[in-house]
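A short write-up of the structure that comes next.
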Amino acid sequence: MSSVATDAATYIPAAPILLPEGPWQEVTGGVTAAKGFKAAGIYGGLRAQGQKPDLALVTCDVHAISAGAFTTNVVAAAPVVYCKKALEISKTARAVLINAGQANAATGDAGYQDVIDCASSLAEILHLKPEEILIESTGVIGHRIKKRELLDSLPKLVDSLSPTVDGADSAAVAITTTDLVRKTVAIEAKVGETYVRLGGMAKGSGMIHPNMA
Amino acid sequence: TMLGVVTTDAVVDSDVWRKMVQVSVSRSFNQITVDGDTSTNDTVIALASGLSGAARISNLSSPEAAQLQSCLDAVMQGLAKSIAWDGEGATCLIEVSVVGANNEAEAAKIARSVASSSLVKAAVYGRDPNWGRIACAAGYAGVPFNLNELRISLGDILLMDGGQPLPFDRVAASSYLRKAGEVHGTVEIQISIGNGPGWGQAWGCDLSYDYVKINAEYTT
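Protein sequences, first through last, are from chains A and B. Heads up: the first sequence begins at 12 in this note's numbering, then just goes up one per residue. Heads up: the second sequence begins at 1129 in this note's numbering, then just goes up one per residue.
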């Protein structure tokens, strides 16, 4: 079922990024612009319709200092609960696995076990500890993730990892749901005496009124 | 649902990084709104590899921390605005700026109240320069201010000053909204509530018929 996204632009165009003005310069690369990061996005058969990529992975070559902000909705999805625990256990992380198609929210204990299984399988492939893997999900609420399709796609997803712009763009496409554009940006700026890079990707179009902590 | 992943090669301590991320999230993703529904899955993960070779940032009050915070704010605001721009059914981004509040938090609260208002959003879609709805949404934000100091502008067009509605070119104001919608551009709403140092922004989008259509067809 899985296939590699070779050209993210064929699925949805890039969003206009309205960066505030400041002492930084926009650069290409999104989440892979900074040193040490790779990304990939593939179609893993999770979406109900179409073959747009639906599985993304961002990895770091070293133990990255990690931080997170999460919905304060009491009915938090299983990946949210999992990530909060992972960040309590470890100050660093090595990978973020994201699926689109099913939100894995309001799915109870079974949904939480799905997250554990996904993190454990990816950790085994990447030779990491499960708590070094963080998970995000988006899609239809109340549906568990299509775990078999996801687990079967992990080897190809890992093989697709790339430090290039294409890697970042394919990941940015793979996390979209009803989005009409992919959202990715990177900047370079001098911090102290050294140039550093920051990049990112995001998704979102509806059910948007975040209140994260 | 909104999701985000942010990466950097800056060298930063864990406790400093975690505080920075929350500050930037508060100034960006937590200041956007499309439909008022808070998702079960909203998540932002931020990773710092430390591979840039820069000096370690271990003090939140250092100049380097301030520089990194500004960069993080910029990246997250850029992404956050693109989410609001891409709001389901939207024809334009709405940027609300509030000045003159007692502090950043109060300004941000008023800005988000206006950006969240269904009536303001519908008025923008209807190309209606409805200063009354903007004033109303500012007023119920939960932040007390002196009505006599309320000032509201739409783009460069001043609609209200000193708490008093002003005569303005309604056709020009409506045209400003229409043109923004035609090019999926940005509608700027500026609000001043006094002389305090607090400044904040929020971002939303207009509310169109398509929003209902999209969500009537996207099952749960």
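Cβ atoms here follow ideal geometry from the backbone N, Cα and C, with glycine treated the same way.
- In terms of Cβ geometry, Gly55(A) and Leu161(A) form a close pair [threshold 8 Å].
- Put simply, the CB of Cys71(A) is near chain B, with a gap under 8 Å to one of its CB atoms.
- Relative to the Cα of Asp1170(B), the nearest Cα in the group Ile1185(B), Val1153(B) and Leu1179(B) belongs to Val1153(B).
- Shown here, Pro166(A) sits in a helix according to DSSP, grouped into three states.
- Look at Tyr54(A) here: in three-state DSSP terms it is strand.
- CA-to-CA, the gap between Cys1220(B) and Ile1280(B) works out to about 19 Å.
- For Ser1246(B), the number of other beta carbons within 10 angstroms of its own is below 16, and it is reported as exposed.
- Residues of the region 1175-1186 of chain B with a C-beta atom less than 8 Å from some C-beta of chain A are Leu1175, Ala1176, Ser1177, Gly1178, Leu1179, Ser1180, Gly1181, Ala1182, Ala1183 and Ile1185, listed in chain order.
- Scanning chain B for C-beta atoms nearer than 9 Å to the C-beta of Cys94(A) yields Thr1171 and Ile1173, reported in chain order.
- Residue range Ser1246 to Tyr1253 is occupied by the alpha helix (DSSP H) that includes Lys1249(B).
- For Ser173(A), the nearest beta carbon of chain B is not closer than 8 Å to its own beta carbon.
- Interface residue (Cβ-Cβ distance to chain B less than 8 Å): Ala88(A) is classified as such.
- Lys1341(B) has its alpha-carbon roughly 25 Å from the corresponding atom of Ser1302(B).
- Straight across, the Cα-Cα distance linking Leu29(A) with Ala51(A) is about 25 Å.
- DSSP places Phe1157(B) within a helical segment (H, G or I) once states are collapsed to three.
- Rounded to the nearest whole angstrom, the CA to CA distance from Gln113(A) to Val73(A) is 30 Å.
- Not flagged as an interface residue toward chain B: Thr118(A), since no C-beta distance is shorter than 8 Å.
- Chain B places a beta carbon closer than 8 Å to that of Asn84(A), counting this residue as a contact.
- Within the region 1209-1226 of chain B, contact with chain A at the beta-carbon level (separation under 7 Å) is assigned to Lys1209, Ser1210, Ile1211, Trp1213, Asp1214, Gly1215 and Glu1216.
- The three-state reading of DSSP puts Lys157(A) in coil, since its state is none of H, G, I, E or B.
- Residue ranges of uninterrupted alpha helix (DSSP H) with 4 or more members, entirely inside the region 1159-1229 of chain B and ordered along the chain, are 1191-1213.
- DSSP places Thr188(A) outside both helix and strand once states are collapsed to three, so it counts as coil.
- Spanning the alpha carbons of Asp1165(B) and Thr103(A) requires a straight line of approximately 31 Å.
- The Cβ-Cβ distance between Ala45(A) and Asp1137(B) falls below 8 Å.
- Gly1322(B) is bridged by DSSP to nothing; it lacks a bridge partner.
- The beta carbons of Ile76(A) and Glu142(A) sit no closer together than 8 Å.
- Taking a C-beta distance under 8 Å as the contact criterion, Ala1236(B) and Gly1328(B) qualify as a contact pair.
- By the criterion of a C-beta distance shorter than 7 Å, Val91(A) is surrounded in its chain by Phe81 and Thr82, once the five residues flanking it on both sides are discounted.
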